[in-house]
Amino acid sequence: MEKEMSVKTFVYLIVIFGLIGLFIYLSYLNQAPLPLHFMFSKDITAPVWSVIFITFLIGFLIAAIWLFIRSSSWRFTKRKIEKGIQRERGVEELYYRGLEALAKEQHDQAWQYFQQVLRKDSKHLGALLRAGETLRAKKNYREAIGYHLRARTLAGDSPEVINSLAEDYAAAGNFKEATSLYQTLLSLTPEDSLSIYRNLRQLSIEQSNWTEASQWHQKIIKLVSKDEEEAERNAGHGLRYQQGLQQMDKGELKEAESIFQKLIKSDKGFASAYVKLGEVFISRGDEEEGVKAWLEGYQTTGQLIFLNKIEDYYLSHDAPNRAIEAYRRAISTARDELVTRYMLGRLYYRLEMIDKALDEFLGLEKAVSYSPTLEYFIAKCYQKRDEDKKAADIFKKIIKHCDPLKLIYQCFSCGARYASWQDRCSHCRSWSTIHVDLRGELTPEEMVDFVSSPVFTPPSEKETKKGS
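Position 325 of the sequence shown, counted from 1, bears residue number 752 in this note's numbering, the numbering being contiguous throughout.
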């Protein structure tokens, strides 16, 4: 390195001395006087070499000044660009940290990052959109809408902005505005019509507008893939079921009957349709047809709600013998005789027909492995017959306490549990998936071999994206 510097210095010295020598030589050759005429001063005479030197010096100074100005301007512009790049990098780093926090559902932290971004760049579209999403996640819908409206002033009718606004209004319960925005989005991005139709259907469901939801559903059916056809078909059954309930509420029992009959014809596993069909018949005074519908539902689906409905109906009308008769008919045709006999034993116990209840329970005891609930009923029967020693011996074997007269219902789609039967799960919004849960009480497989039922839940757009 030092050797290279010494060579450069030597070359520079040679050039400088060469120029000095050239200048001396040229000045020696140009000693002749040169008269110079000036407009506002006296004429003077100067050697030719001095005129050449001064002219060269002036040109050199002009060029040097121009190069200095140009170099300074370039350095200033470069520094400005570098500062802008550094600032932009800082903004984007904050933005991506916000995205990471949002993905982890750390909403307070995400909000702080997006606010820092917007303080540095108030027109950062991504930060405006994500800040709005963060506020929506925190259920601050009004401010979320405000941020997304600011984004709309920057991006116009950007599909992403319109979709975010629609989600804000839907979450806030302003379904009319949300519907209008989704329809705008439909005209902007017809290639995304399937997801938009699903969102519109969901809005109609939230408003219990089942007729409109069914109309959107018909558009969806035409667009879904074969893999989604079954789920969407089941969702359509659920929507038709809700229309049947609306007809019942209006007193239009014939219309409701027609809807439920068609549903059963389309899908024999739709237990809720059997339940409501029986209720329609009974509301019209046709008790025999109502009970027949419930028995058919039990024979087809194996769900115990039908036996419960029959039992409660007859007992509320002071006709216990007819309830017992219905149970016996169910046993003769049931695919799961043990479960039906267990329910009959419960009915006998409820009616204080202790001897018959005990006979049923003892018969079941021989057919199944250990069941605390069954043992509890047997012990209670002995107790009511004043056979206290037998009752005490059985009670000692029971390892958990339960309320045997209270049936537990569970959604077989999401696992939610209920104290009473529901036609639709309030957690996963599925229709006809809530069954009596005896799995923890009657342990053998043959007593819990329920018929699997389809899930009647409209697939949401988020679930569809997640699945894909």
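Glycine included, each C-beta is placed from N, C-alpha and C at the ideal position.
Option nearest Y741 by Cα separation, candidates L562, S498 and Y754: Counting from one through the sequence shown, the residue named residue 741 turns up at place 314. Selected option, being the one with the closest Cα: Y754.
Three or more C-beta pairs below 8 Å linking the region 838–845 and the region 818–827: no
CA-to-CA distance, V518 to L449, given in whole angstroms: Taking the first residue of the sequence shown as position 1, residue 449 is located at position 22. Taking the first residue of the sequence shown as position 1, residue 518 is located at position 91. Going from the Cα of L449 to the Cα of V518 covers about 59 Å.
Nearest-angstrom Cα separation, counted from S796 out to H862: Residue numbering aside, residue 862 sits at position 435 when the sequence shown is read from its first letter. Residue numbering aside, residue 796 sits at position 369 when the sequence shown is read from its first letter. Distance between the alpha carbons of H862 and S796: 22 Å.
Contact the region 800–815 vs the region 658–677: 3+ CB pairs below 8 Å: no
Burial state of A658, where buried means 16 or more other Cβ atoms lie within 10 Å: As a first step, residue 658 must be located in the sequence shown, where it is residue number 231. With 16 or more Cβ atoms within 10 Å of its Cβ, A658 is classed as buried.
Distance, N748 Cα to V651 Cα: Indexing the sequence shown from 1 puts residue 651 at position 224. Indexing the sequence shown from 1 puts residue 748 at position 321. Straight-line Cα distance between these residues: approximately 51 Å.
C-beta contact flag for W858 and I732 at 8 Å: Along the sequence shown, one-based indexing puts residue 858 at 431. Along the sequence shown, one-based indexing puts residue 732 at 305. Taking 8 Å as the Cβ cut-off, W858 and I732 do not qualify as a contacting pair.
Collapsed DSSP secondary structure at I471 in the structure displayed: Walking along the sequence shown from the start, residue 471 turns up at place 44. Note: I471 maps to strand in three-state DSSP.
Residue from D595, A598 and H551 with nearest C-alpha to T580: Taking the first residue of the sequence shown as 1, we reach residue 580 at position 153. Cα-wise, what sits closest to T580 is H551.
Assigned secondary structure, R711 (DSSP; H/G/I helix, E/B strand, else coil): To locate residue 711, count along the sequence shown from 1; it is residue 284. DSSP places R711 in coil when its eight states are reduced to three.
Opening and closing residue of the alpha helix (DSSP H) in which H862 lies: Here the question's residue 862 lines up with position 435 in the sequence shown. First-last for H862: I861 to V863, but that is the beta strand (DSSP E), not the alpha helix (DSSP H).
Between the CA atoms of G525 and Q536 - distance to the nearest angstrom: Residue mapping note: residue 536 aligns to position 109 of the sequence shown, counting from 1. Residue mapping note: residue 525 aligns to position 98 of the sequence shown, counting from 1. Distance between the alpha carbons of Q536 and G525 is about 7 Å.
Buried/exposed call for T482, threshold 16 Cβ in 10 Å: Position 55 of the sequence shown, counted from the first residue, corresponds to residue 482. Exposed, by the Cβ-count rule.
Residues that P460 bridges to, as DSSP identifies them: By 1-based counting over the sequence shown, the position of residue 460 is 33. Answer is P474.
Where R773 sits in the DSSP three-state scheme: Counting from 1 along the sequence shown, the entry for residue 773 is found at position 346. Three-state DSSP puts R773 in a helix.
Reference E532, options W501, F503, Y540 and A564, closest by Cα: On the sequence shown, position 105 is the one that residue 532 refers to. Proximity to E532 across W501, F503, Y540 and A564 peaks at A564, based on C-alpha coordinates.
Residue environment, I632, which counts as buried when at least 16 other CB atoms sit within 10 Å: Start at 1 with the first residue of the sequence shown, and residue 632 comes out as number 205. Flag for I632 reads buried.
Whole-angstrom distance between I447 and I441, CA atom to CA atom: Stepping through the sequence shown from its first residue, residue 441 is reached at position 14. Stepping through the sequence shown from its first residue, residue 447 is reached at position 20. Between the alpha carbons of I441 and I447 lies a distance of about 10 Å.
First through last residue of the beta strand (DSSP E) which encompasses Q837: Numbered from 1 along the sequence shown, position 410 holds the residue referred to as residue 837. Note, Q837: beta strand (DSSP E), Y836 to C838.
Residues of its chain near A582, where Cβ-Cβ distance is below 8 Å and the 5 sequence neighbours each way are ignored: Numbered from 1 along the sequence shown, position 155 holds the residue referred to as residue 582. Closer than 8 Å at Cβ, skipping near neighbours: L552 and V588.
Three-state secondary structure assigned by DSSP to W721: By one-based count along the sequence shown, residue 721 stands at place 294. The answer is helix: DSSP assigns W721 an H, G or I state.
Inter-residue Cα distance where the pair is M874 and I758: Along the sequence shown, read from residue 1 onward, the residue named residue 874 stands at position 447. Along the sequence shown, read from residue 1 onward, the residue named residue 758 stands at position 331. Low per-residue confidence applies at M874: pLDDT is 40, beneath 50, and the placement is therefore not dependable enough to give any value.
N- and C-terminal bounds of the alpha helix (DSSP H) containing T580: Numbered from its first residue, the sequence shown carries residue 580 at position 153. Taken as a continuous stretch (DSSP letters only), the alpha helix (DSSP H) holding T580 covers Y568 to A582.
Three-way DSSP call (helix, strand, coil) for R768 in this model: Numbered from 1 along the sequence shown, position 341 holds the residue referred to as residue 768. Here R768 sits in helix by DSSP.
Cutoff 6 Å; reference G772; Cβ partners in own chain excluding five residues on either side: One-based indexing of the sequence shown puts residue 772 at position 345. Excluding positions up to five away in sequence, the list reads A784, E787 and F788.
Whole-number beta carbon distance between G671 and K703, since they are thought to touch under 8 Å: Sequence index remark: in the sequence shown, residue 703 carries index 276 (1-based). Sequence index remark: in the sequence shown, residue 671 carries index 244 (1-based). About 6 Å; that satisfies the 8 Å criterion.
Per DSSP, cross-strand counterpart(s) of Y845: The sequence position of residue 845 within the sequence shown is 418, counting from 1. The partner list for Y845 (beta bridge, DSSP) reads Y836.
Residues near Y809 in its chain [Cβ-Cβ closer than 6 Å; skip 5 each side]: By one-based count along the sequence shown, residue 809 stands at place 382. K817 and A818, listed in sequence order.
Distance between L576 and W538 (C-alpha atoms, nearest Å): Mapped onto the sequence shown, residue 538 falls at position 111. Mapped onto the sequence shown, residue 576 falls at position 149. Going by the C-alpha atoms only, they are around 17 Å apart.
Contact set for H624: own chain, Cβ-Cβ below 6 Å, skip 5 residues either direction: Position 197 of the sequence shown, counting from 1, holds the residue named residue 624. As written in the sequence, residue 624 is Tyr, which differs from the His given in the question. Taken in chain order, the residues that qualify are W643, K646 and I647.
DSSP three-state assignment for R667, whether helix, strand or coil: Position 240 of the sequence shown, counting from 1, holds the residue named residue 667. DSSP places R667 in helix when its eight states are reduced to three.
Distance, Y775 Cα to P799 Cα: Here residue 799 is taken as the residue at index 372 of the sequence shown, counted from 1. Here residue 775 is taken as the residue at index 348 of the sequence shown, counted from 1. Rounded to the nearest angstrom, the two C-alpha atoms are 19 Å apart.
Top-ranked residue by Cα proximity to A700, from F437, E752 and A683: Against the sequence shown, residue 700 aligns to sequence position 273. Of the candidates F437, E752 and A683, the one whose C-alpha sits nearest the C-alpha of A700 is A683.
The alpha helix (DSSP H) enclosing E633, as first and last residue numbers: Taking the sequence shown and counting its residues from 1, one reaches residue 633 at position 206. Taken as a continuous stretch (DSSP letters only), the alpha helix (DSSP H) holding E633 covers S620 to E633.
Residue of I686, Y596, E679 and T760 minimising C-alpha distance to K719: In the sequence shown, residue 719 corresponds to position 292, counting from 1. With distances taken between Cα atoms, K719 lies closest to T760.
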